[in-house]
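K.L.:
Encoded as structure tokens, here's the structure I'll be asking about.
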Amino acid sequence: MTRLFLLVLLALSINLSAQITEISNFPLQDTSKTHLHSSIVELGGSELLFFWIESAQLKVAKSSDGINWNSTQVLVDSLSDDTQLQDLVTYKTNSGKIIVAYRANKPVNEYYIMFSIDNGTNWSASSLMIKDPINIKQIKWDGKFSQTDDNMLWFTFNRTSNLEFITSQNDGTTWSEKQTLVVNGKFGSVISTSDSLLLIFSSRGTDLQYKRSNDNGTTWGTAEIILDDSNIYGEPSVISKTDGSLLIVYKLSNSRVPGTYYIIESNDIGQTWSTPTQFTKYTGLDLNLRINSNSENLYASFASNRLYNEPNYQVENESNSLWYGIIGTSDDIFTPPTIKDISYSPIEPISSDTVIFNSKVFDDVSISSVLLNYKLNDVEQTPIEMFDDGLHNDGEPNDSIYGISISGFSAADILNYSIFAADNLGIISKRFGGNILFSISSVNNHYFIDVNRFKFGVDNKGVLADVEINGEPVFGKFDEAVVLFSGGFGLSGYSNGELWANGVMTASRIDDYQPGIVGSDIDDPLNMVYVLKSSDEPFGLSWETWKHAVSQGAKFYDGNG
84 MTRLFLLVLL ALSINLSAQI TEISNFPLQD TSKTHLHSSI VELGGSELLF
134 FWIESAQLKV AKSSDGINWN STQVLVDSLS DDTQLQDLVT YKTNSGKIIV
184 AYRANKPVNE YYIMFSIDNG TNWSASSLMI KDPINIKQIK WDGKFSQTDD
234 NMLWFTFNRT SNLEFITSQN DGTTWSEKQT LVVNGKFGSV ISTSDSLLLI
284 FSSRGTDLQY KRSNDNGTTW GTAEIILDDS NIYGEPSVIS KTDGSLLIVY
334 KLSNSRVPGT YYIIESNDIG QTWSTPTQFT KYTGLDLNLR INSNSENLYA
384 SFASNRLYNE PNYQVENESN SLWYGIIGTS DDIFTPPTIK DISYSPIEPI
434 SSDTVIFNSK VFDDVSISSV LLNYKLNDVE QTPIEMFDDG LHNDGEPNDS
484 IYGISISGFS AADILNYSIF AADNLGIISK RFGGNILFSI SSVNNHYFID
534 VNRFKFGVDN KGVLADVEIN GEPVFGKFDE AVVLFSGGFG LSGYSNGELW
584 ANGVMTASRI DDYQPGIVGS DIDDPLNMVY VLKSSDEPFG LSWETWKHAV
634 SQGAKFYDGN G
């Protein structure tokens, strides 16, 4: 008896130690790619299959403990490269068959299905499960599997503005015709309770609702509200737990948080629900959570942009990575600060301006520091602390808007900046702010020449006449008659010893040329139209500005003649 007790205790301790105590980044994904679709199938005990789509391939990996994973297996190749034209739905039926449905890369919207009856060791060939007869290829279906106590397998989806479904009475081998389940509904799941079928879904508005059926889904009662307030509720998934209670995972969104996941529970087959508690705590974007309705250990996976950063003073394509954990067990620790609404003013500063930088920064824990990182004329500068105290052009104190001001710039300076934030756990975020070009006084990217009776425009790309000034085309006019539509121009020269030539007839219509010296940045503030007038004051502002034209190759003129 003592030995048996020790063995049971040892087995229990091993199981507890293998539990995922923290929401984790899935280790086999390629983090240089962006991801959206994943799903976990529990095989029994602590064994799992993790399915995901990456680089247009449907992949799977197996784990014996939810922590360590074996090598990746590719199940399907050549899916769509567009994540919005992909979908992935998995389920383990009452018989133990594992079903995987995915959206094929077809000219029309088609879902294919494949099976395994040996816990993922071998897989069947793919076969067509459902096809969209009206070919709405761009619609994201958000399919879900569930199975009721009579072994009816349900597949619900949002092919149109309505929630639709098909069913199978033979473990997914054949399927019924499509039917409408809810008008103006989506994200539906059908499960069995002790006395009826329960449908949990999201309306096209902002709430969560449910319906009951007392005749195995032939008819459904009136929709009842579960959650309805100023927040937006979506992506509900319902799980029927082994003790008979129900659990709903859903996404909450509002003006501050783009999407975080909460759970509610019911011990009376959906009559009443508990106070919501958080599963994910990240204040940025979490999305596309998947959990099977018959999940015993409550493993869930989702996509998130919490690894996304912009560290190199340039815009990076926002990417999502895949995360997973156990609802009610795994804590959400890696939650980087959210940085948004980055701005500066004035929008077109000159060297004498004081530039104000602002950004909204917040987190689920306290923020320890926010810094303005910047380069001036491509030289890295010492970061400057930003504040949320109401004293640094940052709005009200403690409103999550941080600010700082900088002055002392020179004409034609180029400033690149980004925002750095760290929370009290040392987790950081970096977002690129932008490039600021400090204008040169008395110059513009175009100029209107008015000499006696002849008038025409010129811009910094070499266009003559056909130039817009203050939103209006000016052309070349003698008195009020247009005599020149566009001057065009020709250039020739040598490049690496090779003679070349190019001519443009109507330069404003063909962007063969950009502002500036060949090889320069087209956004360089030096690339402007410079004008000197004989009537300008000697050594006045226009003469001072002309030095920048000289640096671009213009002739030098003495300010006093």
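In my numbering, the protein residues as written are 84 to 644. No residue lacks a Cβ here, since even glycine has one placed at the ideal position from N, Cα and C. Note that the coordinates shown come from a computational prediction; the quantities given were computed from them, not determined experimentally.
Considering only the alpha carbon of each residue, which of Asp533, Gly576 and Gly573 lies closest to glycine 559?
P.N.:
Among Asp533, Gly576 and Gly573, the Cα nearest to that of glycine 559 is on Asp533.
K.L.:
In this structure, does DSSP put serine 313 in helix, strand or coil?
P.N.:
If DSSP states are grouped into helix, strand and coil, serine 313 belongs with coil.
K.L.:
How is histidine 631 classed by DSSP in three states: helix, strand or coil?
P.N.:
The answer is helix: DSSP assigns histidine 631 an H, G or I state.
K.L.:
Beta strand (DSSP E) containing tryptophan 152: first to last residue?
P.N.:
Element bounds for tryptophan 152: n/a, residue is neither H nor E.
K.L.:
For valine 565, does the count of other Cβ atoms within 10 angstroms reach 16, so buried, or fall short, so exposed?
P.N.:
Valine 565 should be labelled exposed.
K.L.:
Looking at the strands, I want to know which residues DSSP matches up with histidine 529.
P.N.:
Looking at the DSSP assignment, histidine 529 forms a beta bridge with Asp542.
K.L.:
Would you tell me roughly how many angstroms separate the C-alpha atoms of serine 229 and threonine 276, rounded to the nearest one?
P.N.:
If you take the alpha carbons of serine 229 and threonine 276, they lie about 13 Å apart.
K.L.:
Would you say alanine 386 lies against chain B (beta-carbon separation less than 8 Å)?
P.N.:
The chain labelled as chain B is not found in the depicted structure, where only one protein chain is given.
K.L.:
State yes or no: is the C-beta of serine 569 within less than 8 Å of the C-beta of isoleucine 433?
P.N.:
No, the Cβ-Cβ distance between serine 569 and isoleucine 433 is not below 8 Å.
K.L.:
Compare the Cα-Cα distances from asparagine 241 to each of Ser285, Glu125 and Asn543 and report the closest residue.
P.N.:
Of the candidates Ser285, Glu125 and Asn543, the one whose C-alpha sits nearest the C-alpha of asparagine 241 is Ser285.
K.L.:
Could you check which residue in Asp477, Phe417 and Ser634 has the C-alpha nearest to that of serine 442?
P.N.:
Measuring from the Cα of serine 442, the nearest candidate turns out to be Asp477.
K.L.:
Could you tell me the alpha carbon to alpha carbon distance between glutamate 627 and aspartate 562, rounded to whole angstroms?
P.N.:
Rounded to whole angstroms, glutamate 627 to aspartate 562 spans 33 Å at the Cα level.
K.L.:
Pick helix, strand or coil for tryptophan 356, following the three-state DSSP scheme.
P.N.:
If DSSP states are grouped into helix, strand and coil, tryptophan 356 belongs with coil.
K.L.:
Let me check understanding here. Comparing Cα to Cα, which of Asn388, Ile182 and Gly149 lies closest to threonine 117?
P.N.:
Of the candidates Asn388, Ile182 and Gly149, the one whose C-alpha sits nearest the C-alpha of threonine 117 is Asn388.
K.L.:
Can you tell me whether proline 608 is buried or exposed, with buried defined as 16 or more other CB within 10 angstroms of its CB?
P.N.:
Label assigned to proline 608: buried.
K.L.:
Is there contact here, the stretch 330-342 with the stretch 307-315, by at least three beta-carbon pairs under 8 Å?
P.N.:
Enough Cβ pairs lie closer than 8 Å, so yes.
K.L.:
Around the Cβ of glutamine 397, are there at least 16 other Cβ atoms within 10 angstroms (buried) or fewer (exposed)?
P.N.:
Glutamine 397 comes out exposed.
K.L.:
Would you mind reading off the limits of the beta strand (DSSP E) that contains leucine 335?
P.N.:
329-336 is the span of the beta strand (DSSP E), which, as asked, contains leucine 335.
K.L.:
Give the single residue among Ile489, Lys145 and Asp326 whose Cα lies nearest to the Cα of isoleucine 352.
P.N.:
Here the closest residue by C-alpha is Asp326.
K.L.:
In terms of alpha-carbon separation, which member of Ser244, Lys175 and Met197 lies closest to asparagine 234?
P.N.:
Ranking Ser244, Lys175 and Met197 by Cα distance to asparagine 234 puts Lys175 first.
K.L.:
Determine which residues share a DSSP beta bridge with asparagine 499 and list them.
P.N.:
Partner(s): Lys458 and Asn518.
K.L.:
Checking the sheet assignment: what are the DSSP bridge partners for methionine 197?
P.N.:
Methionine 197 pairs with Val183.
K.L.:
Between which two residues does the beta strand (DSSP E) carrying arginine 295 extend?
P.N.:
Looking at the DSSP string, the run of the beta strand (DSSP E) that includes arginine 295 is 291-296.
K.L.:
For the beta strand (DSSP E) that contains tyrosine 427, what are its first and last residues?
P.N.:
421-428 is the span of the beta strand (DSSP E), which, as asked, contains tyrosine 427.
K.L.:
Which of the three DSSP states, helix, strand or coil, is assigned to threonine 166?
P.N.:
Correct three-state label for threonine 166: helix.
K.L.:
Hey, would you say leucine 141 sits closer than 8 Å to phenylalanine 134, going by beta carbons?
P.N.:
Yes, they are a contact pair.
K.L.:
For asparagine 456, count the other beta carbons within 10 Å of its own beta carbon; 16 or more makes it buried, fewer makes it exposed. Which is it?
P.N.:
Result: buried.
K.L.:
Sorted by chain position, which residues of the same chain lie with C-beta nearer than 6 Å to isoleucine 106's C-beta, five sequence neighbours on each side aside?
P.N.:
Trp406, Gly408, Ser413 and Asp415.
K.L.:
Given this structure, state the Cα-to-Cα distance separating glycine 540 from glutamate 393, to the nearest angstrom.
P.N.:
In a straight line, the C-alpha of glycine 540 is about 40 Å away from that of glutamate 393.
K.L.:
Mapping DSSP to helix, strand and coil, what is tryptophan 258?
P.N.:
Three-state result, tryptophan 258: coil.
K.L.:
For alanine 208, I'd like the list of residues in its chain whose CB is within less than 8 Å of its CB, leaving aside the five on either flank, ordered along the chain.
P.N.:
Excluding positions up to five away in sequence, the list reads Met197.
K.L.:
Kindly identify the DSSP beta-bridge partner or partners of glutamine 361.
P.N.:
In the DSSP output, where bridge partners are listed per residue, glutamine 361 has Tyr345.
K.L.:
Does tryptophan 237 pass the burial test, meaning 16 or more other C-beta atoms within 10 Å, or should it be called exposed?
P.N.:
Buried is the call here.
K.L.:
Distance check for isoleucine 502 and alanine 584, CA to CA, integer angstroms please.
P.N.:
Answer to the nearest angstrom: the Cα atoms are 45 Å apart.
K.L.:
Let me know the secondary structure DSSP gives serine 625 once reduced to three states.
P.N.:
Correct three-state label for serine 625: helix.
K.L.:
On the three-state DSSP scale, how would you describe leucine 111?
P.N.:
Residue state, collapsed to three classes: coil.
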